Amino acid sequence: MSKRITASIIAASILIIALAFQLVGFFMNNDDAENETMGLFANNDQLEEKVVERGSGNNRIVELKLEGAIIDNPGTNPNPFGGGGYQHDRFLKKLETIKEDASIKGVHLYVNSPGGGVYESAEIHDKLLEVKEAGKTIYVSMGNTAASGGYYVSAPADKIYASNDTFTGSLGVIMESINYQELANEYGVKFNTIKSGEFKDIMSPTKEMTEADREILQTLVDDSYQQFVDVIVEGRDMEESRVKELADGRIYSGSQAVENGLVDEIGFREDALAALKEEIGGNPQVFEYKNSMSSFFNLPLAESLMPNSEVRYIEQLISQRQGPTLMYMYTD
């Protein structure tokens, strides 16, 4: 049997399985969600718990992972079967559930992120403040990278841990675009733009940026930068002048971040958890929320089967071209 025929058979099998999954999800009633086998394919997003360490059910610690870019971009989960990839709405739902659960006394948040959108980072930050106001203690442990927006969401924590080799910092805001006007001119491509005002096509890739354009965009960046500074001033109890000295966009190692006050302790995830358990006291139960597979089975069939196809790539490019976007993002 040729490789081409074998590949066709595999593709057809995947198609049949995916169709079966979607048919099951369509005909199922949500009342079956309590059944683990059937609930796997049901159209719901219930938070299921998994106990990591046994202990008191009235004195609990929840472990959360924030990994990947902090961007609300549903339908681009890179690992649907494993529930991997950052899911913004689901993460916010976890924080809301934690806030309302009186049995949860502590939150261990593991951050491994280069940052992301200004809006999404602010949503998480504000939700974490609500969790703190509800009387929960929050400890953060940083992974390989917790930069820009990754630090923004860490700032409210009662204590921050990082390894010596963690990359953090990159405190600041960036906005950028690609301009291909000269390339288009070289190939004789012309653009027709009808607009209602002078700045409606600001940051368009088809025209040179004017000084007036740049001034307007700089004010947006400056406003978001000041918001970032204020978050660190409040979260780390630092003077604004000192924060601005540190927030020039550079990155810091974990040891450098301890020296300059952005991080409290050198340590790994297990060190942060051990310290949080001691802070909470007693014999706290430690649990985490299970990954969700429902996001995969609720996607349109083409997206489920071809998450990385050329069609999906073009769709993402089109969707991302919605005007200038402010980002708390570290890129190497």
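Here the sequence shown stands for residues 1 to 332, numbered as in UniProt numbering. We put the beta carbon where it would ideally sit given N, CA and C, even for glycine. None of these values were measured; they are calculated from a predicted model.
Look at leucine 66 and valine 111 and say whether their C-beta atoms are less than 7 Å apart.
-> Numbered from its first residue, the sequence shown carries residue 66 at position 66. Numbered from its first residue, the sequence shown carries residue 111 at position 111. Taking 7 Å as the cut-off, the Cβ atoms of leucine 66 and valine 111 count as close.
Does DSSP put arginine 250 in a helix, in a strand, or in coil?
-> Stepping through the sequence shown from its first residue, residue 250 is reached at position 250. The answer is coil: DSSP assigns arginine 250 none of H, G, I, E or B.
Report the option in Ala257, Asn283 and Lys277 whose CA atom is closest to the CA atom of isoleucine 160.
-> Translated into the one-based positions of the sequence shown, residue 160 becomes position 160. If you compare the alpha carbons of Ala257, Asn283 and Lys277 with that of isoleucine 160, the shortest gap goes to Ala257.
Cutoff 8 Å; reference histidine 125; Cβ partners in own chain excluding five residues on either side | Start at 1 with the first residue of the sequence shown, and residue 125 comes out as number 125. Cβ-Cβ distances below 8 Å link histidine 125 to Tyr152, Val153, Ala155, Pro156 and Val231 in the same chain, with the five nearest sequence neighbours on each side left out; the list follows chain order.
With DSSP run on the structure shown, which of helix, strand or coil describes glutamate 63?
-> Translated into positions along the sequence shown, residue 63 becomes position 63. Reduced to three states, the DSSP call for glutamate 63 is strand.
Out of curiosity, what's the CA-to-CA distance linking glutamine 218 and leucine 246?
-> Counting from one through the sequence shown, the residue named residue 218 turns up at place 218. Counting from one through the sequence shown, the residue named residue 246 turns up at place 246. Answer to the nearest angstrom: the Cα atoms are 20 Å apart.
Own chain residues within Cβ distance below 7 Å of valine 229, not counting five before or after | Sequence index remark: in the sequence shown, residue 229 carries index 229 (1-based). Cβ within range, chain order: Glu240, Val243, Lys244 and Ala247.
DSSP three-state assignment for asparagine 185, whether helix, strand or coil | As a first step, residue 185 must be located in the sequence shown, where it is residue number 185. In the three-state scheme derived from DSSP, where H, G and I count as helix and E and B as strand, asparagine 185 is classed as helix.
Give me the Cβ distance between asparagine 144 and phenylalanine 167, rounded to the nearest whole Å; I'm assuming they're in contact under 8 Å.
-> For this step, residue 144 is matched to residue 144 along the sequence shown. For this step, residue 167 is matched to residue 167 along the sequence shown. The beta-carbon distance between asparagine 144 and phenylalanine 167, rounded to whole angstroms, is 7 Å. This is short enough to meet the 8 Å contact definition.
Just reading off the beta strand (DSSP E) that tyrosine 328 is part of, what are its end residues?
-> Counted from its first residue, the sequence shown places residue 328 at position 328. Counting along the chain, tyrosine 328 sits inside the beta strand (DSSP E) bounded by residues 327 to 329.
Which whole-angstrom value describes the C-beta separation of glutamate 48 and tyrosine 289, a residue pair presumed to lie in contact below a C-beta threshold of 8 Å?
-> Position 48 of the sequence shown, counting from 1, holds the residue named residue 48. Position 289 of the sequence shown, counting from 1, holds the residue named residue 289. Glutamate 48 to tyrosine 289, Cβ: 7 Å. Contact.
Bridge partners of glycine 117, per DSSP?
-> Position 117 of the sequence shown, counted from the start, is the residue given in the question as residue 117. Met327, per the DSSP bridge assignment.
Flag this pair as yes or no: are the beta carbons of asparagine 179 and proline 205 separated by less than 7 Å?
-> Position 179 of the sequence shown holds residue 179. Position 205 of the sequence shown holds residue 205. The criterion of a C-beta distance shorter than 7 Å is satisfied by asparagine 179 and proline 205.
Euclidean distance between Cα positions of phenylalanine 287 and aspartate 222 | By 1-based counting over the sequence shown, the position of residue 287 is 287. By 1-based counting over the sequence shown, the position of residue 222 is 222. Straight-line measurement puts the Cα of aspartate 222 at about 40 Å from the Cα of phenylalanine 287.
Counting Cβ pairs, one atom from each stretch, are 3 or more of them under 8 Å apart for the region 99 to 116 and the region 57 to 64?
-> The answer is yes - the region 57 to 64 touches the region 99 to 116, with three or more Cβ pairs under 8 Å.
Whole-angstrom Cβ separation of methionine 142 and glycine 254, contact assumed at under 8 Å?
-> For this step, residue 142 is matched to residue 142 along the sequence shown. For this step, residue 254 is matched to residue 254 along the sequence shown. Yes, they are in contact, since the Cβ atoms of methionine 142 and glycine 254 sit about 7 Å apart, within 8 Å.
If you draw a straight line from the C-alpha of aspartate 32 to the C-alpha of methionine 327, how long is it?
-> Counted from its first residue, the sequence shown places residue 32 at position 32. Counted from its first residue, the sequence shown places residue 327 at position 327. Note that aspartate 32 has pLDDT 41, beneath the 50 cutoff, so the model's placement of it is unreliable and the number below is only indicative. Computed Cα separation, rounded: 41 Å.
Do lysine 136 and leucine 92 have their C-beta atoms within less than 7 Å of each other?
-> To locate residue 136, count along the sequence shown from 1; it is residue 136. To locate residue 92, count along the sequence shown from 1; it is residue 92. No.
Distance CB(serine 148)-CB(serine 163) smaller than 7 Å = Here residue 148 refers to the residue found at position 148 of the sequence shown. Here residue 163 refers to the residue found at position 163 of the sequence shown. Cβ distance not < 7 Å, so serine 148 and serine 163 don't count as in contact.
Which residue comes first and which comes last in the beta strand (DSSP E) that contains tyrosine 139?
-> Sequence index remark: in the sequence shown, residue 139 carries index 139 (1-based). Tyrosine 139 -> beta strand (DSSP E) spans 137 to 147.
Helix, strand or coil at phenylalanine 167 [DSSP, three-state] | Against the sequence shown, residue 167 aligns to sequence position 167. Three-state DSSP puts phenylalanine 167 in a strand.
N-terminal and C-terminal residue of the beta strand (DSSP E) that isoleucine 160 is part of = The residue labelled residue 160 in the question sits at position 160 within the sequence shown. Residues 159 to 162.
Between which two residues does the beta strand (DSSP E) harbouring lysine 50 extend?
-> If you number the sequence shown from 1, residue 50 lands on position 50. Element bounds for lysine 50: 49 to 53.
What residue from Ser224, Gln227, Leu183 and Leu220 has the CA that sits closest to lysine 207's CA?
-> Reading the sequence shown from its first residue, position 207 is the one you call residue 207. Here the closest residue by C-alpha is Leu183.
Simplified DSSP state of asparagine 112, which is helix, strand or coil = If you number the sequence shown from 1, residue 112 lands on position 112. Correct three-state label for asparagine 112: strand.
Please classify phenylalanine 199: does DSSP put it in a helix, a strand, or coil?
-> What you label residue 199 is simply residue 199 of the sequence shown in a count that begins at 1. The answer is coil: DSSP assigns phenylalanine 199 none of H, G, I, E or B.
Does the beta-carbon of glutamate 259 have 16 or more other beta-carbons within 10 angstroms, so that it is buried, or is it exposed?
-> Locating residue 259 in the sequence shown gives position 259, where the first residue counts as 1. An exposed status is given to glutamate 259, since fewer than 16 other beta-carbon atoms sit within 10 Å of its beta-carbon.
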